[in-house]
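Participant: Quick one: the structure is below, and I'll ask about it shortly.
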Amino acid sequence: MRILIIEDDREAASYLVKAFREAGHVADHATDGLDGYAMAESGDYDVLVVDRMLPKLDGLSLIRSLREQKVETPVLILSALGQVDDRVKGLRAGGDDYLPKPYAFSELLARVEVLSRRRTASPSVEPTVYRIADLELDRLSHRVTRSGQEIVLQPREFRLLEYLMKNANQVVTRTMLLEHVWDYHFDPQTNVIDVHVSRLRAKIDKGFDKPLIHTIRGAGYMVRVGPAEGEE
Amino acid sequence: MTRAASAMSALGALFRTTAFKLSFAYLLVFALFAFAALGYVAWNAQRLLSDQFTSTIDAEINGLSEQYRIGGLRRLVNIVERRSRVPGASLYLVTTNAGEKIAGNVGALPPGVIDRPGQFETDYARTEDADAPPSHALVRIYLLPGGFRLLVGRDMDESARLREVIRRAFGYSLLFIGILGCGGAWFITRRVLKRIDDMTETTRVIMAGDLGGRLKVAGTGDELDRLAHNLNNMLERIDELMHGMREVSDNIAHDLKTPLTRMRNRADEALRLAGTPEELRAALEANIEESDNLIRIFNALLMIARLEAGNAREELSDFDAAEAVRDVAELYEALAEEAGVPFEVAVEDDLPVHGSRELLGQAVANLLDNALKYGAPTEAGAPARPVAVTARRVGPSVEVVVADRGPGIPEAERAHVLERFVRLETARSRPGFGLGLSLATAVARLHGGALRLEDNGPGLRAVLVLPLRQTAGTPLPPSAAGA
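Residue numbers (this note's numbering), protein chains in the order written: chain A, 1 to 232; chain B, 233 to 715.
What follows is the structure, given as structure tokens:
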């Protein structure tokens, strides 16, 4: 995956470039809005990571201009402004995701990977049935089966599994789950999300020899076949 | 500085005062008005007088020429002589066509005047005292058939007297306006601007650092009193904020320095001992965890500060508190179940409020967090202590109650725990930063409500009171949160 980081703070940018390369991606870096715009306009990138406050051309204007130029590369906005109205402004300008600073790199990586996967999977045609190994989730009939056996889930458990399966083979962080399943953006101080996931796991994986829901140490969760890298 | 110079500078200071400027402006305006009014009166009086003169003269000319037509020169001369003897302002003269006087009370005229028919003003001398200085008169000269000239006129002394009266009126009014202006200036300075000066002085003292100072309120309820009252309220609020700031900075110094020092020491130790890669890794991971905690504390602090400053107001919208509370309760229900804590949820339907679903959610989450952390755990063997969440209408408000059956908070401590960084267990053995209740309080205040802590006999009842939306009863849009 090719990632373009548009960030004026050199230290923060070089940290990101290094971290993305370690995670096996190609990462480029632009130090101001104009350079960033020129590089992003080429459309060579899978995901853009854009700081909001940039010299020469500010982040939101940059995104708006790209969208006007029909450059549809997914954009993750990285900003010190993290309040709800700031996020709304960012997303309205054409951003696809928003992560307030300070952030954990694992969270950023998970979100960037989800964004790029969504792009390649052409978001307009979402399948009605998600399948992974012998687990099946039908979004229309709200039925979940494993090895043909029906599993009864609470509505919230269903949405939790739906989100995990939609992003199968991708790390999904706890905050992403809270945002997408409960629609809350705060930081729960206790391990509430873990409890919900472990309850879901009890229903999905218990009694089957191959676990599908994996905990990724220091990052979040992943649905996949076989043990994931970094699994506890 | 010489005495004269200091007097000058005192005068300069006087000219710069608002009192002086105001009085001077009023004085100028009043004087202009007085002059305009008096001038108008004088001009009208003059005109009236001369109109009257003209018409009298015309009437007499008509009368006399009529007499001449009827009785000839003899009759005219008789009448003129008779009238001339009556003392007064009327003037008469009948001459030959060569200008020789036949009858009348006018002794001398400037040469050539008698040959100019028509009406005009001229100097003249009375017959009786030829030595007297010439007077001024309005005259009309009429050519009688036969070449005789008839002059009828009015002495203008009367009009000169009127002018004198008016001149005096101008003088007096100027004097009175001057006195009034000075008096007004003195009054304004003493009564009104004195109070403003006092306020300025008080604010100077307050700015110098004495935030306890307050402006004097005279009790008259006028504009200045209202200003003083509002300024006092503002000072009260500033004082409160400053106090809060001091407290927070003290707490930050204590609560944030500790983890920072811990981080520093751990890094230092790891470097010094240079252990195995696993040990170094563990030290780094512990440091990351600690810094994540610090970030969390900072986020919470920033959020509280933002809410208290009222910056979040523009984000508010209408939403259903019932839905928001249910969502959070559902989030924590799993946690309670895991811990074996009976969890009761009783939320009334349709509780419309104006505010932030996000913030209310966080506030309730904090209360639940506390209830599960401090209220629920029990000693081994004892029955589990239940935690209950309720939300219902109470009068014009929504009350969201999180109640536990734990040890509760002694009444004396309840106000205290709402402050930032305050935690009851001094050992600080359990996780948390002591910001949860402060945040809930700030959220309640932002919504125009309050957070109350009550005795649950035993246990703690945290009551979040929010005002119901005024247009209650209108259907709410279906929530995006869904089931």
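Backbone N, C-alpha and C define an ideal beta-carbon position, used for all residues, glycine too. These figures come from a predicted structure and were not determined experimentally.
Check each residue of the segment 168-191 of chain A: if its Cβ is closer than 9 Å to any Cβ of chain E, include it; give the result in chain order.
Facilitator: This model lacks chain E altogether, as its protein chains are A and B.
Participant: Here's a check: name, in chain order, each residue in its chain whose Cβ is nearer than 8 Å to the Cβ of residue 367 of chain B, leaving out the five neighbours to either side.
Facilitator: The residue you call residue 367 of chain B lines up with position 135 of the second sequence. Closer than 8 Å at the Cβ level, and outside the excluded window around residue 367 of chain B, lie 355, 356, 357, 358, 387, 388 and 389.
Participant: From residue 277 of chain B to residue 374 of chain B, what distance separates their C-alpha atoms?
Facilitator: Numbered from its first residue, the second sequence carries residue 277 of chain B at position 45. Numbered from its first residue, the second sequence carries residue 374 of chain B at position 142. Near 28 Å, if we compare the C-alpha coordinates of residue 374 of chain B and residue 277 of chain B.
Participant: Quick check on DSSP: helix, strand or coil for residue 347 of chain B?
Facilitator: For the purposes of this step, residue 347 of chain B is identified with residue 115 of the second sequence, where counting begins at 1. DSSP places residue 347 of chain B in helix when its eight states are reduced to three.
Participant: Using a Cβ-Cβ cut-off of 8 Å, state whether residue 564 of chain B counts as contacting chain A.
Facilitator: Along the second sequence, one-based indexing puts residue 564 of chain B at 332. Yes, because at least one Cβ of chain A sits closer than 8 Å to the Cβ of residue 564 of chain B.
Participant: Would you mind telling me which residues of chain B sit closer than 7 Å to residue 247 of chain A, beta carbon to beta carbon, in chain order?
Facilitator: Outside the displayed span of chain A (1 to 232) sits residue 247 of chain A, for which this structure offers no information.
Participant: If you pair each beta-carbon of the segment 158-171 of chain A with each one of the segment 534-541 of chain B, do three or more pairs fall below 8 Å?
Facilitator: No contact exists between the segment 158-171 of chain A and the segment 534-541 of chain B.
Participant: Would you check if the segment 299-307 of chain B and the segment 337-351 of chain B touch, i.e. whether three or more CB-CB distances between them fall below 8 Å?
Facilitator: No: fewer than three Cβ pairs fall under 8 Å.
Participant: Give me the chain A residues within the contact set of residue 527 of chain B, using Cβ-Cβ distance strictly less than 8 Å, ordered along the chain.
Facilitator: Counting from 1 along the second sequence, the entry for residue 527 of chain B is found at position 295. Ordered by position in chain A, the residues that pass the 8 Å Cβ test against residue 527 of chain B are 102.
Participant: Could you spell out where the alpha helix (DSSP H) holding residue 474 of chain B opens and where it closes?
Facilitator: For the purposes of this step, residue 474 of chain B is taken as the residue at position 242 of the second sequence. 455-487 is the span of the alpha helix (DSSP H), which, as asked, contains residue 474 of chain B.
Participant: Let me see if you follow: with CB-CB separation under 8 Å, is residue 85 of chain A close to chain B or not?
Facilitator: Looking up residue 85 of chain A in the first sequence gives position 85. Residue 85 of chain A counts as touching chain B.
Participant: Does DSSP classify residue 74 of chain A as helix, strand or coil?
Facilitator: The sequence position of residue 74 of chain A within the first sequence is 74, counting from 1. Coil at residue 74 of chain A, not helix or strand.
Participant: Roughly how many whole angstroms lie between the Cα atoms of residue 598 of chain B and residue 587 of chain B?
Facilitator: Reading the second sequence from its first residue, position 366 is the one you call residue 598 of chain B. Reading the second sequence from its first residue, position 355 is the one you call residue 587 of chain B. Going by the C-alpha atoms only, they are around 18 Å apart.
Participant: I'd like to know if residue 497 of chain B contacts chain A, where contact means its C-beta is closer than 8 Å to some C-beta of that chain.
Facilitator: Translated into positions along the second sequence, residue 497 of chain B becomes position 265. No, residue 497 of chain B does not count as interfacial toward chain A.
Participant: Relative to the alpha-carbon of residue 519 of chain B, which residue among B:501, B:433 and B:507 has its alpha-carbon at the smallest distance?
Facilitator: Position 287 of the second sequence, counting from 1, holds the residue named residue 519 of chain B. Closest option to residue 519 of chain B, Cα to Cα, is B:501.
Participant: Can you grab the Cα-Cα spacing for the pair residue 41 of chain A / residue 547 of chain B, in whole Å?
Facilitator: Against the first sequence, residue 41 of chain A aligns to sequence position 41. Against the second sequence, residue 547 of chain B aligns to sequence position 315. Their backbone Cα atoms lie some 33 Å apart in a straight line.
Participant: Taking 8 Å as the threshold (C-beta atoms), are residue 172 of chain A and residue 222 of chain A in contact?
Facilitator: Taking the first residue of the first sequence as position 1, residue 222 of chain A is located at position 222. Taking the first residue of the first sequence as position 1, residue 172 of chain A is located at position 172. Their beta carbons are under 8 Å apart, which means residue 222 of chain A touches residue 172 of chain A by this criterion.
Participant: Excluding five sequence neighbours on each side, which residues of the same chain lie with their C-beta closer than 7 Å to the C-beta of residue 39 of chain A?
Facilitator: The sequence position of residue 39 of chain A within the first sequence is 39, counting from 1. Excluding sequence neighbours, residue 39 of chain A sits near 4, 28 and 30.
Participant: Hey, is the segment 588-607 of chain B in contact with the segment 620-634 of chain B, meaning 3+ C-beta pairs nearer than 8 Å?
Facilitator: Flag = yes, the segment 588-607 of chain B and the segment 620-634 of chain B touch.
Participant: Do residue 50 of chain A and residue 59 of chain A come within 8 Å of each other at the CB atom, strictly closer than that value?
Facilitator: Taking the first sequence and counting its residues from 1, one reaches residue 59 of chain A at position 59. Taking the first sequence and counting its residues from 1, one reaches residue 50 of chain A at position 50. Yes, Cβ-Cβ distance for residue 59 of chain A and residue 50 of chain A is below 8 Å.
Participant: Starting from residue 222 of chain A, follow its DSSP beta bridges and name the residues at the other end.
Facilitator: By one-based count along the first sequence, residue 222 of chain A stands at place 222. For residue 222 of chain A, which the question treats as bridged, DSSP gives the partners A:214.
Participant: Which residues in the same chain as residue 255 of chain B place their Cβ atom closer than 8 Å to its Cβ, once the five residues preceding and following it in sequence are excluded?
Facilitator: As a working note, residue 255 of chain B is residue 23 in the second sequence. So the list reads 413, 414, 416, 417 and 420, once near-sequence residues are dropped.
Participant: Please identify, using Cβ separations under 7 Å, the residues of the segment 668-699 of chain B that lie next to chain A, in order along the chain.
Facilitator: Per Cβ criterion, the list is empty.
Participant: So residue 111 of chain A contacts chain B; which residues on that side make the cut at Cβ distance below 8 Å?
Facilitator: For this step, residue 111 of chain A is matched to residue 111 along the first sequence. In chain order: nothing, as chain B lies at least about 17 Å away.
Participant: Out of B:249, B:437, B:619 and B:384, which one is the CA nearest neighbour of residue 569 of chain B?
Facilitator: On the second sequence, position 337 is the one that residue 569 of chain B refers to. Ranking B:249, B:437, B:619 and B:384 by Cα distance to residue 569 of chain B puts B:619 first.
Participant: By the three-class DSSP mapping on this structure, what secondary structure does residue 254 of chain B have?
Facilitator: Your numbering for residue 254 of chain B matches position 22 in the second sequence. If DSSP states are grouped into helix, strand and coil, residue 254 of chain B belongs with the helices.
Participant: How about the segment 395-404 of chain B and the segment 290-299 of chain B: do they share at least three Cβ pairs that are nearer than 8 Å?
Facilitator: Output reads no: the segment 290-299 of chain B does not touch the segment 395-404 of chain B.
Participant: Can you tell me whether DSSP reads residue 622 of chain B as helix, strand or coil?
Facilitator: Working through the second sequence from its first residue, we reach residue 622 of chain B at position 390. Reduced to three states, the DSSP call for residue 622 of chain B is strand.
Participant: For residue 35 of chain A, name the three-state secondary structure that DSSP assigns.
Facilitator: Residue 35 of chain A sits at position 35 when you count from the first residue of the first sequence. Helix.
Participant: Reducing DSSP to helix, strand and coil, say where residue 576 of chain B ends up.
Facilitator: Stepping through the second sequence from its first residue, residue 576 of chain B is reached at position 344. Three-state DSSP puts residue 576 of chain B in a strand.
Participant: For residue 88 of chain A, which residues in the same chain have their Cβ closer than 7 Å to its Cβ, ignoring the five residues on either side in sequence?
Facilitator: On the first sequence, residue 88 of chain A is found 88 positions in, with the first residue counted as 1. Excluding sequence neighbours, residue 88 of chain A sits near nothing in its chain.
Participant: On the DSSP bridge assignment, give the partners of residue 368 of chain B in chain order.
Facilitator: To locate residue 368 of chain B, count along the second sequence from 1; it is residue 136. Beta-bridge pairing links residue 368 of chain B to B:355.
Participant: Under 8 Å by Cβ, that's how I've got residue 132 of chain A and residue 95 of chain A pegged, so tell me the actual separation to the nearest angstrom.
Facilitator: One-based indexing of the first sequence puts residue 132 of chain A at position 132. One-based indexing of the first sequence puts residue 95 of chain A at position 95. 29 Å between Cβ atoms; not a contact.
Participant: State the start and end residues of the unbroken beta strand (DSSP E) segment that holds residue 327 of chain B.
Facilitator: Walking along the second sequence from the start, residue 327 of chain B turns up at place 95. Here the beta strand (DSSP E) through residue 327 of chain B covers 322-327.
Participant: Residues in its own chain within less than 7 Å of residue 460 of chain B by CB, not counting five upstream and five downstream?
Facilitator: Residue mapping note: residue 460 of chain B aligns to position 228 of the second sequence, counting from 1. So the qualifying residues of the chain are 431, 447, 448 and 449.
Participant: I'd like to check one pair, residue 698 of chain B with residue 629 of chain B: are the Cβ atoms closer than 8 Å?
Facilitator: If you number the second sequence from 1, residue 629 of chain B lands on position 397. If you number the second sequence from 1, residue 698 of chain B lands on position 466. Taking 8 Å as the Cβ cut-off, residue 629 of chain B and residue 698 of chain B qualify as a contacting pair.
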